[in-house]
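Engineer: Pasting a structure here, questions to come.
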Amino acid sequence: MESTEDEKIIMISNDNSITLTTHRIFQITQESNKEILLKNIISHEVIKKKMDYYKVLTCIFALVTLYFYTEIESNSNSALLGVFWFSMLITIISAFFLFTSFKKSLRITAYFGIIEFSLSELKTESLNDFLSKMYHYAELRKKETK
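In terms of this note's numbering, the sequence shown opens at residue 132 and continues consecutively.
Now the structure itself:
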């Protein structure tokens, strides 16, 4: 990652994983170090992903509820009725969280790479500020190369 003389840091994320400069965007994580040039940016996309652990929890609670239901039906065991209703309630709550909880991330696509990072702790104003500065400097870099 070589630096140019007139390159300046514009914004840095709270955890120092994303850095926006006047020429590039850097992503530094434990898995990889990526960079894309601002002049090569094609588009950005805000992605909403469902949280995987709610899928697992909902499936587990649904199976437990189904197990208690079959036990009650086969043995006519009314002692398990309270446990069945409790597991049904927990299943409904986990299904609610499954359908309402999303993890937002930003994907920036360039000609020679993609950078994707989480927006979990980023306010909407900060995201808009980041995107406007990114596109402003991207336009400046594109005009320089023409």
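Yeah, the Cβ is synthetic: ideal placement off N, Cα and C, and Gly gets one too.
What is the DSSP secondary structure of PHE199, reduced to helix, strand or coil?
Structural biologist: Note: PHE199 maps to helix in three-state DSSP.
Engineer: Just the C-alpha distance for GLN158 and ALA241, rounded to the nearest angstrom, thanks.
Structural biologist: In a straight line, the C-alpha of GLN158 is about 14 Å away from that of ALA241.
Engineer: With distance defined between alpha-carbon atoms, name the residue in ASP137, LYS139 and ILE143 nearest to SER257.
Structural biologist: Of the listed residues, the one whose Cα sits closest to SER257 is ILE143.
Engineer: With LEU168 as the anchor, note down where its beta strand (DSSP E) starts and where it stops.
Structural biologist: LEU168 -> beta strand (DSSP E) spans 164–168.
Engineer: Pair every Cβ in the segment 165–176 with every Cβ in the segment 225–241, then say whether three or more of these pairs are closer than 8 Å.
Structural biologist: The segment 165–176, when compared against the segment 225–241, does touch it at the 8 Å Cβ threshold.
Engineer: I believe THR152 touches LYS139 by the beta-carbon criterion, under 8 Å. Please report the beta-carbon distance rounded to the nearest angstrom.
Structural biologist: Yes, THR152 and LYS139 are in contact; Cβ-Cβ is about 6 Å, under 8 Å.
Engineer: Mind checking TYR184: buried by the 16 CB within 10 Å criterion, or exposed?
Structural biologist: Classification of TYR184: exposed, given that the 10 Å Cβ count is below 16.
Engineer: For the beta strand (DSSP E) containing LEU237, name the first residue and the last one.
Structural biologist: From DSSP, the beta strand (DSSP E) with LEU237 extends over 233–241.
Engineer: Looking only at its chain, what residues have a beta carbon closer than 8 Å to the beta carbon of ASN147, apart from the 5 residues adjacent to it on each side?
Structural biologist: Here the set comprises ILE159.
Engineer: When DSSP labels each residue in this structure, what does LYS139 get in the three-state scheme?
Structural biologist: Of the three classes helix, strand and coil, the one that applies to LYS139 here is coil, per DSSP.
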